[in-house]
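Report on the following structure.
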Amino acid sequence: MSAQLACYTADVPVAGALRVELEGETGPVEVAVVRDESGDWHAISDICSHGAVSLSDGEVEDCTVECWLHGSRFDLRSGKPLSPPAIKPVPVYPVTVDGERVLVDVDAPL
């Protein structure tokens, strides 16, 4: 597969996230499409590696997203946890903005 339509730019506020489900080679993939405070776009697994809850429900600050359940913060560029209790990274995916369309490739994690 290649990049597929995840959402439109108007769907995600600055410093916000949107949960989408995309079709990967092995089945559905839950993705948080995030626009950080600088307006840059990111796509990261929507599932926290510690608590298995939706990261798109968390707070976006600078280039991080915070898990709302236990407070772990993840770097949006690398997926690495920046604070406990999470110790495992989450996948990040290539994201492209084509006009109003936000495209994500879940089959080519970074």
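The opening residue of the sequence shown carries number 1 in our numbering; numbering runs sequentially from there.
Using N, Cα and C, we set each Cβ at its ideal position, and we do this for glycine too.
Bear in mind that the values here come from a model prediction, so they are computed numbers and not experimental data.
Asked	Found
For residue 32, the nearest candidate out of 71, 85, 59 and 70 (CA to CA)	59
Cβ pair residue 21, residue 13 closer than 8 Å	no
Sub-8 Å separation of residue 23 and residue 61 beta-carbons	no
Inter-residue spacing [alpha-carbon to alpha-carbon] between residue 10 and residue 76	20 Å
Residue range of the unbroken beta strand (DSSP E) whose run includes residue 70	Counting along the chain, residue 70 falls outside any beta strand (DSSP E), and DSSP gives it neither H nor E.
Length of the line joining the Cα atoms of residue 19 and residue 35	12 Å
Residue 53 to residue 69 span [Cα, whole Å]	7 Å
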